[in-house]
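Undergrad:
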Amino acid sequence: MSSPDFDDSRPPPEERHREPMFNIPPVVLAALAICVGVHLVRVYLLSADQDIGLLIRTAFVPIRYSGAFDLDIYAFTSPVTYAFLHGGFAHLAVNMVWLAAFGSPLANRLGSLRFSLFWVFTGIAAVGLHFVLHHLDQSPLVGASGAISGMMGAAARFGFRIDRSEGRAAFLGSPLPIPVVLRSRTVVTFLGVWMVVNLITGLVGFTPGVDSRIAWEAHVGGFLAGFLGIGLFTGTRNRAPSRYP
340 MSSPDFDDSR
350 PPPEERHREP
360 MFNIPPVVLA
370 ALAICVGVHL
380 VRVYLLSADQ
390 DIGLLIRTAF
400 VPIRYSGAFD
410 LDIYAFTSPV
420 TYAFLHGGFA
430 HLAVNMVWLA
440 AFGSPLANRL
450 GSLRFSLFWV
460 FTGIAAVGLH
470 FVLHHLDQSP
480 LVGASGAISG
490 MMGAAARFGF
500 RIDRSEGRAA
510 FLGSPLPIPV
520 VLRSRTVVTF
530 LGVWMVVNLI
540 TGLVGFTPGV
550 DSRIAWEAHV
560 GGFLAGFLGI
570 GLFTGTRNRA
580 PSRYP
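For the sequence shown, our numbering begins at 340 and goes up steadily by one.
(1) From A483, T528, H469, pick the residue whose C-alpha is nearest to that of A495; which is it?
(2) Do three or more CB pairs link the region 397–407 to the region 450–459 at distances below 8 Å?
(3) Which residues share a DSSP beta bridge with F510?
(4) Pick helix, strand or coil for F566, following the three-state DSSP scheme.
(5) Provide the residue(s) that pair with L480 in DSSP beta bridges, ordered along the chain.
(6) Taking buried to mean at least 16 other C-beta atoms within 10 Å of its own C-beta, is Y383 buried or exposed?
(7) Give a yes or no on contact between the region 510–527 and the region 416–430, applying the rule of three or more CB pairs nearer than 8 Å.
(8) What's the C-alpha gap between G548 and G560?
(9) Within 8 Å, do at least three Cβ pairs link the region 482–496 to the region 431–439?
(10) Would L480 and Y421 be called neighbours here (beta carbons separated by less than 8 Å)?
(11) For Q477, which option in A509, F408, A432, I569 has the closest C-alpha, if you only look at C-alpha atoms?
(12) Could you check whether A564 and G489 sit closer than 8 Å to each other, using their CB atoms as the reference points?
(13) Roughly how many angstroms lie between the CA atoms of F562 and T540, to the nearest whole one?
(14) Output the distance between the C-alpha atoms of A372 and G392, rounded to the nearest integer angstrom.
(15) With 16 other CB atoms within 10 Å as the buried threshold, where does F566 fall?
(16) Would you kindly check if the distance between the Cβ of A493 and the Cβ of I569 is under 8 Å?
(17) By the three-class DSSP mapping on this structure, what secondary structure does N362 have?
(18) Pick helix, strand or coil for G485, following the three-state DSSP scheme.
(19) Pull up the distance between the alpha-carbon of P518 and that of D502, whole angstroms please.
(20) Helix, strand or coil, according to DSSP, for R522 in the structure here?
(21) Looking only at its own chain, which residues have a Cβ that is under 6 Å from the Cβ of D411, when we skip the five neighbours before and after it?
(22) Hey, which unbroken runs of the alpha helix (DSSP H) at 4 residues or more fall wholly within the region 429–473?
(23) Taking a contact to mean a Cβ-Cβ separation below 8 Å, would you say V366 touches A446 in this structure?
(24) Tell me which same chain residues have a C-beta within less than 6 Å of the C-beta of Y413, skipping the five on either side of it?
As structure tokens, this is what we get:
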């Protein structure tokens with residue numbers, strides 16, 4: 340028999356306020372919506388000629404910077420706008436899943452403005468390395484993979500530590516020193532798997548469900564920018580504990 344004044348079946352208060360399964364911050368939702376919306380417009384509303392015109396203006400085309408062409412406004416905007424274009428529904432879906440997974444805790448940690456600046460920073464770094472290695476390439480480079488790789492690099496610097504004390508997942512503390520990061524088995528395993536996957540896709544030249552060539556160099560550029568540069572965006576909020584794991 341149970342007492343009416345005490346119900347031991349009720350969960351503790353902290354369990355009654357669990358984080359929702361899908362708690363994506365507004366800035367990440369906005370990025371998801373732009374990427375999906377742009378792709379739907381390209382597929383269902385634009386003609387083939389109109390889509391080519393859009394790619395010329397908004398995709399990153401390395402040969403544009405070879406000196407053989409005049410630099411117009413699109414030469415300065417395409418290193419940012421290319422990230423909102425995708426090569427197909429499979430390419431879009433894969434990137435959006437990873438954006439939600441790694442972008443959400445990073446956006447919750449940085450805030451909307453710093454997250455947006457981080458996106459631009461890593462996206463430009465991604466096409467920067469791609470340009471260095473393929474400066475005469477005429478193929479348009481599209482996709483958010485470079486910026487998302489930067490988010491993965493940032494996650495590694497945080498040691499994948501998550502703070503849920505405010506009811507949302509956010510990377511915890513300040514970025515760990517690189518020597519500390521490289522002593523973490525979890526981080527080193529992640530880095531190894533990430534590098535192998537990118538090496539394989541680079542050597543094979545494609546990914547199942549994606550028709551276009553995978554620009555693995557851009558992934559590396561974005562990852563390194565996020566891994567090495569995340570400290571520029573963290574500020575003083577949510578300082579790390581004094582002891583490292």
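Quick reminder that beta carbons are idealized off the backbone N, C-alpha and C, glycines included.
These numbers come from a predicted model, not from an experiment.
TA: In brief:
(1) T528
(2) no
(3) I501
(4) helix
(5) F399
(6) exposed
(7) no
(8) Low local confidence applies: a pLDDT of 44 at G548 is under 50, so the model's placement there is unreliable, with the coordinate-based value given in what follows. About 24 Å.
(9) yes
(10) yes
(11) F408
(12) yes
(13) 16 Å
(14) 22 Å
(15) buried
(16) yes
(17) coil
(18) helix
(19) 22 Å
(20) coil
(21) none
(22) 451–472
(23) yes
(24) R396
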